[in-house]
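> Protein chains in written order, with numbering that gives the first Met the number 0: chain U, 0 to 419; chain D, 0 to 419; chain F, 0 to 131; chain X, 0 to 131.
For each residue, glycine too, the CB sits at the ideal point set by N, CA and C.
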Amino acid sequence: MYAQPMNNSLNPLDSEAIRNDFSILKGESDLPLIYLDSAATSQTPDCVIEAMDAYYRTYNSNIHRGIYRISEEATAKHEEARQRIGRFINARRPSQIIFTRNTTESINLVAYSWGSANLREGDEILVTVMEHHSNLLPWQLLSQRTGAKLRFIEITDEGVLQLDGLDELLTERTKIVAMTHVSNVLGTVNPVQELIAAAHDVGAKVLIDGAQSVPHFNVDVQGLDCDFLAFSGHKMCGPTGIGILYGKSDLLEEMPPFLGGGSMIRSVQRESSTYADVPAKFEAGTPAIAEAIGLAAAVDYLNKVGLEAIFVHEQELLEYAHQKLNEIEDITIYGPKPRQKTGAITFNLEGIHPHDLAGVLDTVGVAVRAGHHCAQPLMQKYGVIATVRASFYLYNKLEEIDTLHDGLLKAQRMLTRRRR
Amino acid sequence: MYAQPMNNSLNPLDSEAIRNDFSILKGESDLPLIYLDSAATSQTPDCVIEAMDAYYRTYNSNIHRGIYRISEEATAKHEEARQRIGRFINARRPSQIIFTRNTTESINLVAYSWGSANLREGDEILVTVMEHHSNLLPWQLLSQRTGAKLRFIEITDEGVLQLDGLDELLTERTKIVAMTHVSNVLGTVNPVQELIAAAHDVGAKVLIDGAQSVPHFNVDVQGLDCDFLAFSGHKMCGPTGIGILYGKSDLLEEMPPFLGGGSMIRSVQRESSTYADVPAKFEAGTPAIAEAIGLAAAVDYLNKVGLEAIFVHEQELLEYAHQKLNEIEDITIYGPKPRQKTGAITFNLEGIHPHDLAGVLDTVGVAVRAGHHCAQPLMQKYGVIATVRASFYLYNKLEEIDTLHDGLLKAQRMLTRRRR
Amino acid sequence: MNIYEEDILDHYENPSNYGTLEDPDISYEEDNPLCGDQIRMDLQVEDGIITKLRFCGHGCTISLAAASMLTEEVKGKHLDEVKQLNKDDMLDMLGIPLGPVRLKCGLLALKVLKAGAYGLKCWPGEEDEETE
Amino acid sequence: MNIYEEDILDHYENPSNYGTLEDPDISYEEDNPLCGDQIRMDLQVEDGIITKLRFCGHGCTISLAAASMLTEEVKGKHLDEVKQLNKDDMLDMLGIPLGPVRLKCGLLALKVLKAGAYGLKCWPGEEDEETE
Ligand SMILES: Cc1ncc(COP(=O)(O)O)c(C=O)c1O
Ligand SMILES: Cc1ncc(COP(=O)(O)O)c(C=O)c1O
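(1) If you drop the 5 nearest sequence neighbours on each side, which residues of the same chain put their C-beta closer than 8 Å to that of aspartate 45/U?
(2) Would you mind working out which of Met235/U, Phe346/U, Glu167/U, Lys280/U sits nearest glycine 158/U, comparing C-alpha positions?
(3) Which of the residues in the segment 319 to 352 of chain U, read from start to end, lie with their CB under 7 Å from any CB of chain F?
(4) Using the C-alpha atoms, what's the distance from leucine 12/D back to leucine 393/D?
(5) Could you have a look at alanine 343/U and say whether DSSP puts it in helix, strand or coil?
(6) Measuring only the C-alpha atoms, how far is leucine 135/U from arginine 81/D?
(7) Is the Cβ of glycine 158/D closer than 8 Å to any Cβ of chain F?
(8) Check whether the Cβ atoms of tyrosine 117/X and lysine 82/X lie closer than 8 Å to each other.
(9) Report whether the distance from the Cβ of glycine 240/D to the nearest heavy atom of ligand 2 is below 7 Å.
(10) Suppose you measure from the CA of serine 105/D to the CA of leucine 52/F; what does that come to, to the nearest Å?
(11) For cysteine 59/F, which of Thr70/F, Ile48/F, Gln37/F has the nearest alpha-carbon?
(12) Contact criterion: CB-CB distance below 8 Å. Does leucine 407/D meet it with respect to chain X?
(13) Taking the straight line between their C-alpha atoms, what separation do you get for leucine 20/X and cysteine 55/X?
(14) Does the Cβ-Cβ distance between glutamate 282/D and phenylalanine 87/D come in under 8 Å?
(15) What three-state label does DSSP hand leucine 317/U in the structure shown?
(16) Starting from glutamate 29/F, trace the alpha helix (DSSP H) in both directions and tell me its first and last residue.
(17) With a threshold of 8 Å between beta carbons, is valine 100/X in contact with chain U?
(18) Does the beta-carbon distance from alanine 385/D to histidine 371/D come in below 8 Å?
(19) Any heavy atom of ligand 1 within a distance shorter than 7 Å of the CB on isoleucine 386/D?
(20) How close, in whole Å, do the beta carbons of histidine 180/D and serine 212/D come, if the pair is a contact with beta carbons under 8 Å?
(21) I want to check one thing, is the minimum distance from the CB of cysteine 236/D to the heavy atoms of ligand 1 below 7 Å?
(22) I need the DSSP call for aspartate 355/D, collapsed to helix, strand or coil.
(23) Three or more C-beta pairs under 8 Å: does that hold for the segment 161 to 176 of chain U against the segment 190 to 203 of chain U?
(24) Relative to ligand 1, is the shortest distance from any of its heavy atoms to the C-beta of cysteine 55/F smaller than 7 Å?
(25) Exposed or buried, what is glutamate 45/F when buried is set at 16 or more other beta-carbons lying within 10 Å of its beta-carbon?
(26) Residues of chain U with CB closer than 9 Å to the CB of arginine 472/D, please, in chain order.
(27) Just to confirm before moving on: does the CB-CB distance between proline 337/U and leucine 317/U stay below 8 Å?
(28) So, for leucine 360/D: in the same chain, excluding its five sequence neighbours on each side, which residues have a beta-carbon less than 6 Å away from its beta-carbon?
(29) Closest to aspartate 249/U by C-alpha separation, out of Cys225/U, Ala198/U, Val267/U, would be which residue?
(30) Given this structure, state the Cα-to-Cα distance separating lysine 31/D from threonine 362/D, to the nearest angstrom.
(31) Count the other CB atoms, across all protein chains shown, that sit within 10 Å of the CB of glutamate 126/X; report buried if there are 16 or more and exposed otherwise.
(32) Counting only C-beta atoms, is arginine 18/U closer than 8 Å to chain F at any point?
(33) Taking 5 Å as the limit, name every residue whose beta carbon sits nearer than that to some heavy atom of ligand 2, in sequence order.
(34) Identify each residue in the segment 80 to 100 of chain X for which the Cβ-Cβ distance to at least one residue of chain U is less than 8 Å, and report them in chain order.
(35) In whole angstroms, what is the alpha-carbon distance linking proline 286/D and arginine 39/X?
(36) Quick check on the burial criterion: 16 or more other C-beta atoms within 10 angstroms. Buried or exposed for proline 255/U?
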């Protein structure tokens with residue numbers, strides 16, 4: 000699971016100082032921004048914005064094959080970014096880090112390239128009921144292309160994986176297990192390490208959706224021994240437009256290309272071509288250069304603050320949020336208790352539509368997400384259409400949870416009258 | 000072809016004033032940057048950088064489904080960007096504009112989605128010998144998946160398409176013609192309008208690779224009647240990490256999805272899903288939000304300067320470049336004369352490796368590209384392995400061509416001694 | 000301006016024409032899959048004139064208030080007039096600014112009503128606008 | 000520091016050990032597909048010692064000068080010593096800083112020589128470095 004035990008002698012994170020690193024949190028609008036939607040996208044510290052600006056203002060140029068100063072500088076910075084991001088998740092080699100647009104594209108890359116080459120009718124793909132659509136749709140589409148069958152690990156009412164009977168689901172037919180490390184709705188931290196070992200025992204590969212874990216605690220790909228890990232820059236203080244696919248070298252090397260185009264080739268003839276080595280093989284066309292550089296700056300920033308300190312801070316926010324929200328009448332909180340989860344608290348108030356909760360909260364400056372959170376199978380399991388989710392990150396403060404609490408009471412006063 | 004006739008009473012473009020819009024061109028390094036590599040990637044005006052900064056610093060948030068102020072603002076700005084970009088190429092509807100990472104991904108999207116659904120063994124895909132790898136590899140891969148055959152339109156020694164005998168190549172078997180509007184190596188402007196009409200006559204669809212045309216002159220998708228148009232933000236004063244696929248609505252609507260994930264769905268069940276309408280169907284996952292907003296700012300900037308003025312300015316630079324470079328002994332210039340082309344001049348000096356030319360030019364501050372320019376079949380046609388390309392854009396000045404010229408003479412002095 | 004104006008809350012609390020009709024001439028139902036809001040409209044029509052109508056369903060304040068306001072507006076009108084109603088008319092009735100997400104809520108009732116008046120292919124708010 | 004140092008140009012102009020051997024013990028050739036540079040190395044070896052060697056091919060100043068310098072360096076050395084040579088050794092011989100593209104030119108000759116000394120899987124400059 001996540002890096003435990005937490006070092007309790009750790010310096011607590013100074014969220015006031017951290018907020019100073021984010022222009023958006025210092026905004027001078029009439030209402031302060033109480034941003035509780037970091038699970039959707041995180042805010043971007045100024046140092047990340049500045050790293051990208053520096054690219055555009057001083058060495059903007061296409062990378063690879065450019066024989067002049069700024070292109071050499073851009074190429075070096077781009078590849079250095081790959082190194083730093085690789086180190087962040089403890090990848091053995093930078094060539095295991097493939098730049099994509101986001102988690103979604105990373106997962107699709109695996110489903111198209113590895114999936115189409117390795118899956119046949121009769122094979123099975125194992126996912127969980129709590130997957131984000133981005134870790135479900137690519138496998139649905141793959142299953143339609145190949146005839147492989149999708150199977151699901153259920154969850155308990157508390158929102159943790161139902162692992163009794165796993166033997167039935169995880170068998171020699173299972174070719175890949177695709178599962179989220181952390182639920183974007185419930186915050187549940189899944190026991191991926193154990194599941195990876197169990198999957199390897201039956202010869203299955205494992206893709207971990209790290210969109211909600213990599214930003215929040217130390218994820219060590221060698222420690223976990225996962226075959227693939229996908230995550231997004233924009234959820235970890237980085238820019239939009241960049242995501243990562245990590246893969247084991249032997250897998251990446253034998254996988255066929257996905258997108259064809261410039262930079263992914265070794266040599267091109269009219270009818271056929273040979274392909275470059277990884278990572279270039281999977282990076283066709285001009286990459287998101289500024290964004291890779293921005294993501295490396297974000298990684299540096301997170302390292303500077305310290306992932307452990309961030310994790311401890313989020314646990315504190317979560318505990319307080321559970322305590323305050325539990326005081327509210329007619330609230331249903333979904334998912335496990337703090338300590339078994341991270342990052343988010345998801346709930347509904349009896350008789351009030353989640354849209355209206357979010358709408359009323361917006362009037363007091365609180366930004367939360369209301370909807371199905373791209374997790375309809377999970378919503379179906381709980382028999383709801385939508386929920387409200389408040390999610391936290393390093394810059395949030397306990398006082399913001401008070402405002403959330405008061406905003407929810409305001410919504411109740413306004414909207415819980417005598418509606419049928 | 001391109002918007003003709005040029006209005007000659009047009010105010011000439013003030014390249015000194017324009018250079019002031021680009022921080023990178025005002026840099027205070029010892030050597031001025033003489034940037035002649037805009038065909039690889041263009042420089043980014045400050046207004047584009049600032050538009051993205053404003054997103055990150057004041058309304059950074061995930062779009063769609065967010066019920067709070069900054070998310071509503073981000074959503075509105077993102078969709079407004081789609082509108083403005085659509086208007087730039089005269090698309091009828093914003094929903095015809097699909098955001099991708101770059102030209103390469105746009106073309107792959109069509110090859111995977113439209114291609115896999117429509118091509119069979121015995122069908123043919125028609126491309127030209129001057130395609131960028133990004134408009135060749137996706138079709139090679141498609142042909143390997145489907146058994147459809149790739150055919151090639153040859154070029155003449157002058158570097159224009161060989162259209163006698165087109166009847167042989169363009170037949171009822173042709174399902175799609177994929178061709179570049181402008182060659183990234185030779186600058187040749189292809190007669191796409193005529194070819195589109197001819198393709199439609201035999202029932203073929205046409206994808207135009209607009210990577211080198213959309214930045215340089217007015218491309219009107221309704222006027223051309225192309226079925227698809229692909230282009231990249233980073234070649235038209237926009238940021239990295241964003242590209243566009245334009246498609247005709249009926250085609251886009253009937254195409255199956257490409258990447259699966261969040262935002263591209265209407266409703267998700269465990270085993271299967273229904274998909275959102277275009278453009279959402281093709282935009283899985285969190286998009287490159289800042290980059291879309293940046294690209295819209297670039298489009299506004301190009302509109303402000305005026306595409307016609309840019310085109311006229313580039314023609315002037317090209318004429319002068321041809322004149323000056325033709326003065327050099329032992330030079331071979333590839334491709335057609337100015338007036339039949341745009342943007343770039345490609346050449347070799349007898350006995351000097353293109354890498355060395357680029358290397359020596361770098362010592363005098365001139366940035367050019369040396370290599371196969373991701374167009375190996377074209378290099379093979381000319382029997383060379385690499386060339387040097389100087390390419391121009393709105394911020395270049397005639398004097399810069401003098402420096403290019405002098406740099407080439409310097410290279411000759413240094414390197415043409417008595418090498419075998 | 001706040002989307003939780005008293006007027007909206009009144010309609011949400013005490014909706015007009017809430018319920019169903021026994022034997023409607025037209026009945027149409029639709030949901031917004033993104034948020035699960037669902038509205039059904041039952042109409043009684045004589046010579047093209049809507050003589051009676053009821054709506055039911057579930058949803059947020061905006062979608063329910065919009066439905067309530069819309070039923071008040073169109074009662075006694077000809078179906079041809081209903082076909083002419085557009086997004087701006089509905090926003091005028093609501094009298095509040097709506098962000099892109101809530102717009103879909105605000106237009107759900109109109110969509111259902113127009114779809115009832117004749118087959119409709121796409122959301123009123125999503126009719127593909129021309130770029131110019 | 001300029002990559003067109005006199006020393007580089009001298010080697011480019013008057014390369015040492017340019018040519019081929021009649022009956023080499025080891026002969027290996029490789030190209031850099033990105034720029035078309037091509038180098039062949041012919042070696043005569045006695046008891047593991049390189050007694051004679053020649054290179055030929057075509058390429059840019061950097062790849063040819065590197066080849067020339069490298070042949071001077073390894074003549075008379077044992078193949079085991081050749082196997083130990085790495086990127087930094089080659090860069091030391093060249094004595095100039097190289098950007099990422101020219102690095103491939105600068106390392107081509109070394110790649111060919113080492114591939115000759117024993118099978119090599121990847122470019123010397125591209126040996127996957129550890130991230131830490
Ligand atoms: C004609 C042409 N097509 C396609 C591309 C690929 O563009 P991108 O690398 O932005 O995907 C380029 C860029 O070099 C080009 O010039
Ligand atoms: C668990 C999980 N997986 C995947 C995604 C998709 O990420 P992106 O939209 O950046 O591709 C998200 C983002 O919401 C997520 O939370």
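Short version:
(1) Position 46 of the first sequence, counted from the first residue, corresponds to residue 45/U. Asp20, Phe21, Ser22, listed in sequence order.
(2) As a position in the first sequence, residue 158/U is number 159, starting the count at 1. Measuring from the Cα of glycine 158/U, the nearest candidate turns out to be Phe346/U.
(3) Listed by position, the residues of the segment 319 to 352 of chain U near chain F (Cβ gap below 7 Å) are His352.
(4) One-based indexing of the second sequence puts residue 393/D at position 394. One-based indexing of the second sequence puts residue 12/D at position 13. Note on geometry: alpha-carbon atoms of leucine 393/D and leucine 12/D lie some 8 Å from one another.
(5) Working through the first sequence from its first residue, we reach residue 343/U at position 344. Residue state, collapsed to three classes: strand.
(6) As a position in the first sequence, residue 135/U is number 136, starting the count at 1. As a position in the second sequence, residue 81/D is number 82, starting the count at 1. Cα to Cα, the separation comes out at about 28 Å.
(7) In the second sequence, residue 158/D corresponds to position 159, counting from 1. Glycine 158/D does not count as touching chain F.
(8) Locating residue 117/X in the fourth sequence gives position 118, where the first residue counts as 1. Locating residue 82/X in the fourth sequence gives position 83, where the first residue counts as 1. Taking 8 Å as the Cβ cut-off, tyrosine 117/X and lysine 82/X qualify as a contacting pair.
(9) Numbered from 1 along the second sequence, position 241 holds the residue referred to as residue 240/D. It does not: the Cβ of glycine 240/D is nowhere closer than 7 Å to a heavy atom of ligand 2.
(10) Taking the first residue of the second sequence as 1, we reach residue 105/D at position 106. Taking the first residue of the third sequence as 1, we reach residue 52/F at position 53. Whole-angstrom Cα-Cα distance: 49 Å.
(11) Here the question's residue 59/F lines up with position 60 in the third sequence. It is Gln37/F.
(12) Walking along the second sequence from the start, residue 407/D turns up at place 408. The beta-carbon of leucine 407/D is placed no less than 8 Å from the nearest beta-carbon of chain X.
(13) Translated into the one-based positions of the fourth sequence, residue 20/X becomes position 21. Translated into the one-based positions of the fourth sequence, residue 55/X becomes position 56. Spanning the two alpha carbons is a distance of roughly 10 Å.
(14) For the purposes of this step, residue 282/D is taken as residue 283 along the second sequence, with counting starting at 1. For the purposes of this step, residue 87/D is taken as residue 88 along the second sequence, with counting starting at 1. In this structure, phenylalanine 87/D does not lie closer than 8 Å to glutamate 282/D by Cβ.
(15) Position 318 of the first sequence, counted from the first residue, corresponds to residue 317/U. Three-state DSSP puts leucine 317/U in a helix.
(16) Counting from 1 along the third sequence, the entry for residue 29/F is found at position 30. Under the DSSP assignment, glutamate 29/F falls outside any alpha helix (DSSP H), being part of the beta strand (DSSP E) whose first and last residues are 25 to 30.
(17) Here residue 100/X refers to the residue found at position 101 of the fourth sequence. Interface residue, yes.
(18) Counting from 1 along the second sequence, the entry for residue 385/D is found at position 386. Counting from 1 along the second sequence, the entry for residue 371/D is found at position 372. With a cutoff of 8 Å on beta-carbon distance, alanine 385/D and histidine 371/D are scored as near each other.
(19) Counting from one through the second sequence, the residue named residue 386/D turns up at place 387. Correcting the residue identity first, residue 386/D is threonine in this sequence and not isoleucine. For ligand 1, not one heavy atom lies less than 7 Å from the Cβ of threonine 386/D.
(20) Taking the first residue of the second sequence as position 1, residue 180/D is located at position 181. Taking the first residue of the second sequence as position 1, residue 212/D is located at position 213. Rounded, the Cβ-Cβ distance is 4 Å, consistent with contact.
(21) If you number the second sequence from 1, residue 236/D lands on position 237. For cysteine 236/D, the shortest C-beta to heavy atom distance toward ligand 1 is 7 Å or greater.
(22) Sequence index remark: in the second sequence, residue 355/D carries index 356 (1-based). The DSSP-derived three-state label of aspartate 355/D is helix.
(23) Under the three-pair Cβ rule at 8 Å, the segment 161 to 176 of chain U counts as touching the segment 190 to 203 of chain U.
(24) For the purposes of this step, residue 55/F is identified with residue 56 of the third sequence, where counting begins at 1. Cysteine 55/F: no, Cβ never under 7 Å from ligand 1.
(25) Taking the third sequence and counting its residues from 1, the one referred to as residue 45/F is at position 46. Under this definition glutamate 45/F is an exposed residue.
(26) The first residue shown for chain D is 0 and the last is 419, placing residue 472/D beyond what the model contains.
(27) What you label residue 337/U is simply residue 338 of the first sequence in a count that begins at 1. What you label residue 317/U is simply residue 318 of the first sequence in a count that begins at 1. The answer is yes: Cβ separation under 8 Å.
(28) If you number the second sequence from 1, residue 360/D lands on position 361. Beyond the five residues adjoining it in sequence on each side, leucine 360/D comes within less than 6 Å, by CB distance, of Val367, Gly406 in the same chain, given in chain order.
(29) The count along the first sequence starts at 1 and reaches residue 249/U at position 250. Comparing Cα positions, the closest option is Cys225/U.
(30) Indexing the second sequence from 1 puts residue 31/D at position 32. Indexing the second sequence from 1 puts residue 362/D at position 363. In the sequence under discussion, the amino acid at residue 31/D is proline, which differs from the lysine named in the question. Cα to Cα, proline 31/D sits roughly 11 Å from threonine 362/D.
(31) To locate residue 126/X, count along the fourth sequence from 1; it is residue 127. For glutamate 126/X, the pLDDT reaches just 46, beneath the cut-off of 50, and the residue's location in the model is therefore unreliable, although a value from the coordinates is still provided. So glutamate 126/X ends up on the exposed side.
(32) Residue mapping note: residue 18/U aligns to position 19 of the first sequence, counting from 1. With respect to chain F, the C-beta atom of arginine 18/U has no partner C-beta closer than 8 Å.
(33) Having a Cβ closer than 5 Å to some heavy atom of ligand 2 are Asn101/U, Thr102/U, Thr103/U, His131/U, Ser133/U, Thr179/U, Asn183/U, Asp208/U, Ala210/U, Gln211/U, Ser231/U, Gly284/D, Thr285/D.
(34) Identification of residues in the segment 80 to 100 of chain X having a C-beta nearer than 8 Å to some C-beta of chain U yields Gly98, Pro99, Val100, given in sequence order.
(35) Residue mapping note: residue 286/D aligns to position 287 of the second sequence, counting from 1. Residue mapping note: residue 39/X aligns to position 40 of the fourth sequence, counting from 1. Looking at the two C-alpha atoms, the distance is approximately 48 Å.
(36) For this step, residue 255/U is matched to residue 256 along the first sequence. With fewer than 16 Cβ atoms within 10 Å of its Cβ, proline 255/U is classed as exposed.
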